[in-house]
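Numbering (this note's numbering), first residue to last: 2 to 455.
Just so it is clear, CB atoms sit at the ideal spot from N, CA and C, and this is done for glycine as well.
This report concerns only the one structure given below.
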Amino acid sequence: MTNEKFTDKRFNLTDEKKSLAIDVLRQRLNRQLEASLEVCVRCGVCADSCHYYVSNPKPEHVPAYRAEQLRKVYRKLFDPVGKAAPGWVGAAELDQEMVDELIMTAFGSCTMCGRCVINCPMGVDTRHIVRTARAMLTAIDMTPGGLKATVNVHLEKGNNMGVNEEDYVETVEWMLEELQAELGDPSITIPFNKKNARVVYTFNPREIKYFPYLIQAAAKIFNAAGEDWTLSTESWDATNYGLFSGDDAAAAQMASNLEGAVNHLGAETLVMAECGHGYRSQRWEAENWIGHSYPFEVISFVELQAQYIKEGRLKLDPTRNQKRVTFHDPCNQARNGGIVDEPRYILRNVVTDFVEMTPHGVENYCCGGGGGMLSMTEFSNARKEAGKAKADQISATGAEIVATSCHNCLDQLDEIKRHYKLKVKIQNLSELVANAIVWPTPPEAEEEKTEEKE
């Protein structure tokens, strides 16, 4: 992993831009952030919590080091000693060199996974500090290009891959035809814009562009459960990269788009696709961004699948998934979202051989694909190298299949698989559930069987 400093030659830190960045810090300096900036005791416990440090142990990868870069600026601006004698407390001006350092520490070597947060004896929220630094950089147009483009496309086109409505509808209808053929059941439906349905389901645009079979899997589950559900053509993107860029205004707009679609359809529940940060954004963060509560429930598709199984709404045959399976916990579902037991309950009902990673649950290591890392190609080598901790976890299980419930995790795990030559298959949780479903034989097929016997 390179030790070179990041430098963007296009950028010039003018007084105006410096003032903008400082204003963002000042506006976000609440008690939670100030406490996290003040109470770090430099104990180093956070080091072994970070997949970057575990994969490549050097000082720059210690979470406390990352947080220290913003602390230097904070002390210079708001600490009386830092103002008077900056050298005594390590205070520093927000200059060009510091901006470059912040880009590397906030964007280039942190996924904001939060593992360091739950292991810090002082409760320092480095995740909060890093997102604040990202917000400051975004305010002065120093967001890495890929992440910036992803946010902009979502705001302009309604989804982060710029999929138009025609392609969206055609892809869904194609998957409907495939599902009807698979099951021999023409009564299967995937409804659009159904008023007053109980559930509105969202997608990650990658499903439309690259993984349409996951649409088929979700539709199979909904139909098998007899769910009253629908899709929206108004707003359907489960992702929200405003969480990663630190831009609360952009994040609020994306969240509001989904809220409006659900309200216009009059649904009771918004179900977020298997997308870690999308779930966290819409369920736990968005009401703070938009300034009010939703009139509907927000849950993850993982939670809903577990609910269906508990209620006996899915007839399952786990022998259809006989290979050894392990589960990777998406950080924004487990550690930052509270979804830990549900995927394990699901797997114990749909596979015959489930084995845990060590550690797992809220303590599971980040795969390295979070924080918008997959969109920032300038840091791709560091991202893959930081995946070594996850590769070692996977190898130790002896699993043939790694299941997860997040698209960023799917993509990163697939890269880790290739980079570290792991002999595993990466699958979405819903794929395993859909494969285990025992579909009732259509009456026409039963009649044909009876006629053949006679």
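Mark Trp89 as exposed unless 16 or more other C-beta atoms lie within 10 angstroms of its C-beta, in which case mark it buried. So Trp89 ends up on the exposed side.
Between Cys407 and Gly243, is the Cβ-Cβ spacing less than 8 Å? No, they are not a contact pair.
Please return the same chain residues whose Cβ sits closer than 6 Å to the Cβ of Trp440, not counting the five positions on each side in sequence. The answer, listed in chain order, is Leu184.
Which ranges would you report for the beta strand (DSSP E) in the stretch 247 to 291 if only whole runs of at least 3 residues count? Entirely contained in the stretch 247 to 291, the beta strand (DSSP E) runs reaching 3 residues are, in chain order, 270 to 273.
I'd like the span of the alpha helix (DSSP H) that includes Lys149, first residue to last. Taken as a continuous stretch (DSSP letters only), the alpha helix (DSSP H) holding Lys149 covers 146 to 158.
Distance check for Val272 and Val299, CA to CA, integer angstroms please. The alpha-carbon atoms of Val299 and Val272 are separated by roughly 6 Å.
How about Ser233 and Val201: do their beta carbons lie closer than 8 Å? Contact: yes.
Check Trp440 in the structure and name its three-state DSSP category. The DSSP-derived three-state label of Trp440 is coil.
From Gly109, Leu78, Leu95, Val42, residue whose alpha carbon lies closest to that of Gly373: The shortest C-alpha separation from Gly373 is found at Gly109.
Quick one: give me the first and last residue of the beta strand (DSSP E) that Val82 is part of. Where Val82 is concerned, there is no enclosing beta strand (DSSP E), although the alpha helix (DSSP H) it sits in stretches over 81 to 85.
Please determine if the stretch 356 to 369 and the stretch 116 to 126 are in contact, where contact requires at least 3 C-beta pairs separated by less than 8 Å. With a cut-off of 8 Å, the stretch 116 to 126 and the stretch 356 to 369 count as touching, because enough Cβ pairs lie within range.
How is the alpha helix (DSSP H) around Val63 delimited, first residue to last? Run containing Val63: none; DSSP gives neither H nor E here.
Between which residues of its own chain and Phe251 is the CB-CB distance below 7 Å, once the five residues before and five after are set aside? Inspection of the sequence shows that residue 251 is occupied by Ala rather than by Phe. If we look at Ala251 and ignore the five residues flanking it on each side, its Cβ neighbours are Val152, Leu156, Gly243.
DSSP bridge partner residues for Glu298 (one or two, in chain order): For Glu298, which the question treats as bridged, DSSP gives the partners Thr270.
If you run the structure through DSSP and keep just helix, strand and coil, what is Trp237? Three-state DSSP puts Trp237 in coil, outside helix and strand.
Helix, strand or coil: how does DSSP classify Leu21 here? Under the three-state reduction of DSSP, Leu21 is assigned to helix.
Which residues bound the beta strand (DSSP E) around Thr405? Annotation for Thr405: the continuous beta strand (DSSP E) segment containing it runs 402 to 405.
What residue from Gly370, Thr203, Thr231 has the CA that sits closest to Asn258's CA? Of Gly370, Thr203, Thr231, the smallest CA-CA separation from Asn258 is found for Thr203.
Quick one: residues in its chain with C-beta nearer than 6 Å to the C-beta of Tyr75, no 5 flanking neighbours on either side, listed in chain order? Excluding its 5 nearest sequence neighbours in each direction, Tyr75 has C-beta neighbours in its own chain below 6 Å: Leu38, listed in chain order.
Fully enclosed by the stretch 69 to 144, which alpha helix (DSSP H) runs are 4 residues long or longer? List check, alpha helix (DSSP H) in window: 81 to 85, 87 to 90, 97 to 103, 116 to 120, 127 to 140.
Of the choices Asp49, Ala400, Glu35, whose alpha-carbon is the least far from that of Lys73? Taking only the C-alpha atoms, the option nearest Lys73 is Glu35.
So, helix, strand or coil for Gln323, using DSSP? Taken through DSSP and simplified to helix, strand or coil, Gln323 comes out as coil.
Around the Cβ of Thr320, are there at least 16 other Cβ atoms within 10 angstroms (buried) or fewer (exposed)? Classification of Thr320: exposed, given that the 10 Å Cβ count is below 16.
Does the beta carbon of Ile402 fall short of 7 Å from some heavy atom of the ligand NAD? In the structure shown, the ligand NAD is absent, as is every other ligand, since no ligand is present at all.
By the three-class DSSP mapping on this structure, what secondary structure does Leu315 have? Coil, per DSSP.
Best match in Asp342, Pro344, Leu21, Ile402 for proximity to Val326 [C-alpha to C-alpha]: The option with the nearest alpha carbon to Val326 is Ile402.
Assuming the contact rule is C-beta atoms closer than 8 Å, Tyr66 and Pro58 should be a hit. Round their C-beta distance to whole Å, please. Under the criterion of beta carbons closer than 8 Å, Tyr66 and Pro58 do not qualify as touching, at roughly 12 Å.
Under the three-state DSSP convention, the category Phe193 falls into: DSSP places Phe193 in strand when its eight states are reduced to three.
Does the stretch 127 to 144 touch the stretch 217 to 235, meaning 3 or more C-beta pairs lie closer than 8 Å? Using a C-beta cut-off of 8 Å, the stretch 217 to 235 makes no contact with the stretch 127 to 144, since fewer than three inter-stretch Cβ pairs fall below that distance.
What number of angstroms, rounded off, separates the C-alpha of Tyr53 from the C-alpha of Leu103? In this model, Tyr53 and Leu103 are separated by some 16 Å (Cα to Cα).
Please work out which residues of its chain come closer than 6 Å, Cβ to Cβ, to Met2, disregarding the five sequence neighbours upstream and downstream, and give them in chain order. Residue placement at Met2 is poorly supported in this model, since its pLDDT is 36, which falls under 50; the coordinates are not used for a value here.
Quick check on the DSSP output: the beta strand (DSSP E) that includes Gln428 runs from which residue to which? DSSP places Gln428 inside the beta strand (DSSP E), whose first and last residues are 426 to 429.
DSSP bridge partner residues for Lys230 (one or two, in chain order): Here the sequence assigns Trp to residue 230, which means Lys is not the residue at that position. Per DSSP, Val200.
Can you round the beta-carbon distance between Trp175 and Pro213 to whole angstroms, since I take them to be within the 8 Å contact cut? Contact between Trp175 and Pro213 holds, since their C-beta atoms are separated by about 7 Å, short of 8 Å.
Could you name the residues that DSSP lists as bridge partners for Phe355? Val326, per the DSSP bridge assignment.
DSSP on Gln334, reduced to helix/strand/coil? Residue state, collapsed to three classes: coil.
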